[in-house]
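1 is the number of the first residue of the sequence shown in UniProt numbering; add one for each residue after it. Note that the Cβ used here is the ideal one computed from N, Cα and C, for glycine as well. I have placed the structure first, in the form of structure tokens, so that the comments after it can refer back to it.
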Amino acid sequence: MNVHLILELAKRDISEKYSGSTLGVLWNFIYPLVDIFIFTVIFSNLMGSRLPGSSSAYSYGFYLTSGVIAWNAFSNTVSRTATVFLDKKHIISKVKVDLSLFPLYIAISESITFVVTMGVFLFLLIISGYGVKPLILFVPLIYLVQQIFAYSLGFFIGIFVVFIRDLKEIVRIVLQFWFWFTPIVYVYDILPDFVKELMIYNPAFSFIHAYHSVFIYKQSPNLESLLVLFLLSLVLLLFAGTIFKKLEKDVRDFI
């Protein structure tokens with residue numbers, strides 16, 4: 001696979017988001033600032049939302065923000081990877097590319113957005129007095145596991161989206177339900193016991209809870225849970241790769 005092509009596609013993907021606008025890529029910083037401002041000021045100050053047991057006025061806003069930042073990177077990677085063969089068919093039909101690695105540009109693009117947004121978030125944590133600890137060194141590990149899973153899932157779905165076009169709409173709906181089934185807007189501790197037990201079957205809970213542990217509760221993440229998700233992702237990726245090898249010719253014909 002041409003590494004230069006992947007990097008060029010990632011670069012173009014970022015620049016095209018705000019092409020024609022005066023501020024251009026500066027919007028990558030403005031949007032996170034606006035989102036975080038809304039989450040912290042609206043929910044924390046105006047609505048008075050706080051985490052149970054926390055004395056900080058911004059605790060819930062930061063809880064919500066850390067989860068949403070992670071979820072956006074995850075869901076965008078899944079949904080965009082799932083449709084990449086159709087969205088970029090004009091490139092695939094003209095340039096010889098390794099389709100199994102082609103969607104990597106999406107993961108790179110979303111990672112850059114994540115880094116920028118997380119940088120803004122960390123800055124606000126510091127200036128607000130909420131603070132950060134060396135535990136944030138776990139963040140790259142959490143993100144890596146999260147995105148390997150996102151890429152594996154998106155690639156697996158993307159194979160079948162080529163043949164069943166309605167799947168891309170179904171993916172969007174499933175991601176919406178998945179968001180609300182994951183403790184991002186609400187706190188895990190308020191859930192009934194039987195729902196808490198179901199969370200072990202929710203892969204997204206592993207990384208969302210890990211971010212909350214690091215940023216909000218100032219605790220080490222559950223590494224065992226992340227390891228399970230990592231292994232699950234590898235199995236899914238190998239399975240998707242095996243299926244893709246058998247269907248690659250058909251995929252190219254249907255694009």
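On the three-state DSSP scale, how would you describe residue i?
i	result
LYS249	helix
LEU238	helix
ASP166	coil
VAL161	helix
LYS196	helix
TYR31	helix
VAL187	coil
TYR217	coil
LYS11	helix
THR182	coil
SER128	coil
ILE136	helix
ILE255	coil
Measure the Cβ-Cβ separation of residue i and residue j and say whether it is below 7 Å.
i	j	result
VAL161	VAL251	no
ILE126	ILE243	no
LYS82	VAL171	Note on residue identity: the sequence assigns Ala, not Lys, to residue 82. Yes. Within cutoff.
LEU33	VAL120	yes
PRO203	LEU229	yes
LYS96	ILE255	no
SER152	LEU237	yes
SER206	LEU226	yes
LEU124	ILE36	yes
ALA73	PHE114	yes
Are there 16 or more other CB atoms within 10 angstroms of the CB of residue i, so buried, or fewer, so exposed?
i	result
ARG12	exposed
ILE157	buried
residue 263	Look at the range of the chain in this structure, 1 to 255, and you will see that residue 263 is not part of it.
PRO140	exposed
TYR201	exposed
VAL78	buried
PHE239	exposed
VAL84	buried
SER59	buried
LEU137	exposed
SER75	buried
LEU51	buried
LEU234	exposed
PHE62	buried
Can we count residue i as close to the ligand SAH, meaning its CB is less than 6 Å from some heavy atom?
i	result
ILE216	The ligand SAH is absent from the structure shown, which contains no ligands of any kind.
Taking 7 Å as the threshold (beta carbon to beta carbon), is residue i in contact with chain B?
i	result
PHE244	Considering every chain present, this structure includes no chain B. It has just one protein chain.
| message | With a threshold of 8 Å, are at least 3 pairs of Cβ atoms found where one atom belongs to the segment 180 to 198 and the other to the segment 142 to 152? | response | no
| query | Between the segment 91 to 110 and the segment 172 to 187, do three or more beta carbon pairs fall short of 8 Å? | reply | no
| said: As an exercise, report each continuous alpha helix (DSSP H) stretch of at least 4 residues that is fully enclosed by the segment 35 to 110, in chain order. | reply: 59 to 82, 84 to 87, 89 to 92
| said: With three or more beta-carbon pairs closer than 8 Å as the criterion, would you say the segment 63 to 75 touches the segment 207 to 216? | reply: yes
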